[in-house]
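Participant: These protein sequences, in sequence, are chains A and B. Each residue of the first sequence is one higher than the one before, counting from 1 in the working numbering. Each residue of the second sequence is one higher than the one before, counting from 232 in the working numbering. Sending over a structure as structure tokens; questions will come in a sec.
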Amino acid sequence: MIRLVLLAFLAALGGCASTGEERDPRDPLEGFNRGVYRFNEGFDDWIAKPVARTYRKALHQEIRSRVGNFFANVQDIFIGVNNFLQGKLEDGVNDWARFAFNSTFGLLGLHDVASDMGLEKHNEDFGQTFGRWGVPPGPYLILPFLGSSTVRDGAGTALDYYFAPLTEVRPIELRNTLFGLYLVNTRADLLDASQLLEEAALDKYTFQRDAFLQRRRSLIYDGNPPREKLE
Amino acid sequence: MKRFLSMLCLTLLPLAASAQDTAPDVLVKSVTLEVVELIAKDKEIKAGGRAKLIEVIEAKVLPHFNFNAMTALAMGQNWNKSSPEQKKRLTEEFKTLLVRTYASALAAYSEQKFDFRPLRAKPTDTDVTVNVRVLQPGAQAVTIDYSMEKTASGWKVYDVMVGGVSLVANYRTEFANTVRNSGIDGLIKDLQTKNRSLAKQQEKK
Chain A
1 MIRLVLLAFL
11 AALGGCASTG
21 EERDPRDPLE
31 GFNRGVYRFN
41 EGFDDWIAKP
51 VARTYRKALH
61 QEIRSRVGNF
71 FANVQDIFIG
81 VNNFLQGKLE
91 DGVNDWARFA
101 FNSTFGLLGL
111 HDVASDMGLE
121 KHNEDFGQTF
131 GRWGVPPGPY
141 LILPFLGSST
151 VRDGAGTALD
161 YYFAPLTEVR
171 PIELRNTLFG
181 LYLVNTRADL
191 LDASQLLEEA
201 ALDKYTFQRD
211 AFLQRRRSLI
221 YDGNPPREKL
231 E
Chain B
232 MKRFLSMLCL
242 TLLPLAASAQ
252 DTAPDVLVKS
262 VTLEVVELIA
272 KDKEIKAGGR
282 AKLIEVIEAK
292 VLPHFNFNAM
302 TALAMGQNWN
312 KSSPEQKKRL
322 TEEFKTLLVR
332 TYASALAAYS
342 EQKFDFRPLR
352 AKPTDTDVTV
362 NVRVLQPGAQ
372 AVTIDYSMEK
382 TASGWKVYDV
392 MVGGVSLVAN
402 YRTEFANTVR
412 NSGIDGLIKD
422 LQTKNRSLAK
432 QQEKK
């Protein structure tokens, strides 16, 4: 199976001759990226999206939201760690308190009771922490399966996965099942958003890239980046 | 004299209450809540009736947008290279595209709660950002920031940022690329093609 995927991946990459267009300075690897992009699109169209659609039809919204809560709760631990690393102590304590309340009163995180208590969910990861420390994003990068990233955020993602509590789960079968469930549930959540992207964009690759880069910049500044005046 | 003044006040009163003087944050809040309520009540829209939804948007939301400014910003330097006729058609097509996209976004709306942030601006400011947060359990709130400018006919939105992504900025590269490859008329054609295929898709729904 893995060999097959690799083969398809290489085939997609093979089709990425440079188009000779003017390059975007933020995306010097555009030729390579477009190849990975094509591969990801194929995987998404043929496997990920159909599975996510079936999953969404099979399970009631209420259940899917519990599944999402469960994984979101586990992630709060490292969201907190990243807030500490960025010197935002109050936010970090908030995240760990969320984990404590949701894991107990929220029945292993199935219910987000912390939000009702006014403890807000944050969005942090190692890529954002590096950004906060002043590491520039580097070239835009599309990762196989995972999609939009940059050199900095890709390194961050590797750490995110390395530390993800999910990787500690044993037996391996259970870990893999949980991981699969996480991926399918996440993709199902994004079905509306990806449909919207499809509708809004003239060129999906460019639109998605620009949106991703803007979004990451905003996240690093926790939603308040220095305003860039358009003229 | 006193009577004259009070008469004058009476005639001016309705003017003062019109949209022209409504504070931008109050405007955003009232329009948002009105539209959300309309959608919640309307059976046709709830059943997926896209045409009806677009009607609502055109009647309630569009008057508060300055599409001319939005298109000019998205075009950047190419705006000044466009003829008046091209500008008109660009604005029209871009508007159609944004309305259709907006309709899809609204159709996915399912009773999330809004948090209307207090406006941080001086009364004399003519260019402000109005912040709204859409709250959803188990996930980080989605921020919607409306960039608004004061005009003779009241406050008008000239950019919307969703989750930190500016719509206008996001179309900039796309527009610039298309103009570089196939000119301004090429961009108009691309937008038309896009809008036609969206119209066809949405008819099916």
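All C-beta atoms in this analysis are idealised placements derived from N, C-alpha and C, irrespective of residue type, glycine included. The structure displayed is predicted, hence computed values, not measured ones.
1) Whose C-beta lies closer than 8 Å to the C-beta of R66(A) among residues of the same chain, with five residues either side of it excluded?
2) Going by DSSP, name the residue or residues bridged to V388(B).
3) Evaluate the contact criterion for the region 332 to 343 of chain B versus the region 409 to 416 of chain B: three or more CB pairs, one atom per stretch, below 8 Å.
4) Give a yes or no on whether 7 Å exceeds the smallest Cβ distance from L202(A) to chain B.
5) I need the DSSP call for Y221(A), collapsed to helix, strand or coil.
6) Roughly how many whole angstroms lie between the Cα atoms of D222(A) and I270(B)?
7) Look up R364(B) in the DSSP assignment and say whether it is helix, strand or coil.
8) In whole angstroms, give me the CA-to-CA distance for A48(A) and Q195(A).
9) From the DSSP output, which residues share a beta bridge with D358(B)?
10) With DSSP as the reference, label L244(B) as helix, strand or coil.
11) Which residues, in chain order, does the region 120 to 154 of chain A contribute to contact with chain E at a C-beta distance below 9 Å?
12) So if DSSP puts G147(A) in a beta bridge, which residue, or which two residues, is it bridged to?
13) Identify which residue in G180(A), P137(A), K204(A), R64(A) has its Cα closest to the Cα of L213(A).
14) Count the other CB atoms within 10 Å of the CB of F99(A); is the residue buried (16 or more) or exposed (fewer)?
15) Run down chain A in chain order and give the residues with a C-beta less than 7 Å from the C-beta of Q371(B).
16) Across the region 251 to 268 of chain B and the region 382 to 390 of chain B, are there enough close Cβ pairs to call them in contact, namely three or more that are closer than 8 Å?
17) I'd like to confirm the pairing. Which residues does DSSP put opposite V373(B) in its beta bridges?
18) For chain A, check one thing: does any of its Cβ atoms lie closer than 7 Å to the Cβ of L462(B)?
19) So what's K312(B) in DSSP terms, helix, strand or just coil?
20) Taking the alpha carbon of N297(B) as the reference point, which residue from L418(B), K431(B), T382(B), T424(B) has its own alpha carbon closest?
21) Can you confirm whether the region 171 to 191 of chain A touches the region 85 to 93 of chain A when touching is taken to mean that 3 or more C-beta pairs between the two stretches lie within less than 8 Å?
Facilitator: In brief:
1) Position 66 of the first sequence, counted from the first residue, corresponds to residue 66(A). Within the same chain, R66(A) has close Cβ partners L110, H111.
2) Counted from its first residue, the second sequence places residue 388(B) at position 157. Paired residues: F296(B), M379(B).
3) no
4) Looking up residue 202(A) in the first sequence gives position 202. Yes, L202(A) counts as interfacial toward chain B.
5) What you label residue 221(A) is simply residue 221 of the first sequence in a count that begins at 1. Residue state, collapsed to three classes: coil.
6) Within the first sequence, residue 222(A) is the residue found at index 222, counting from 1. Within the second sequence, residue 270(B) is the residue found at index 39, counting from 1. Near 31 Å, if we compare the C-alpha coordinates of I270(B) and D222(A).
7) Looking up residue 364(B) in the second sequence gives position 133. Here R364(B) sits in strand by DSSP.
8) The residue you call residue 48(A) lines up with position 48 of the first sequence. The residue you call residue 195(A) lines up with position 195 of the first sequence. Cα to Cα, the separation comes out at about 14 Å.
9) For the purposes of this step, residue 358(B) is taken as the residue at position 127 of the second sequence. Per DSSP, E380(B).
10) Position 13 of the second sequence, counting from 1, holds the residue named residue 244(B). In this prediction, L244(B) scores a pLDDT of 48, lower than 50, which makes its location untrustworthy; the coordinate-derived value is nonetheless stated afterwards. In this structure, L244(B) counts as helix in the three-state DSSP scheme.
11) Checking the listed chains, one finds no chain E in this structure; the protein chains it contains are A and B.
12) The residue you call residue 147(A) lines up with position 147 of the first sequence. According to DSSP, which records beta bridges pairwise, G147(A) is partnered with L143(A).
13) As a first step, residue 213(A) is located in the first sequence; it is residue number 213 there, counting from the start. Nearest of G180(A), P137(A), K204(A), R64(A) to L213(A), Cα basis: P137(A).
14) The residue labelled residue 99(A) in the question sits at position 99 within the first sequence. Buried.
15) Taking the first residue of the second sequence as position 1, residue 371(B) is located at position 140. What Q371(B) touches in chain A: K121, H122, N123.
16) yes
17) For the purposes of this step, residue 373(B) is identified with residue 142 of the second sequence, where counting begins at 1. The partner list for V373(B) (beta bridge, DSSP) reads V365(B).
18) This structure gives no information on residue 462(B), because the portion of chain B shown stretches from 232 to 436.
19) Taking the second sequence and counting its residues from 1, one reaches residue 312(B) at position 81. K312(B): coil per DSSP, three-state reduction.
20) Mapped onto the second sequence, residue 297(B) falls at position 66. Among L418(B), K431(B), T382(B), T424(B), the Cα nearest to that of N297(B) belongs to T382(B).
21) no
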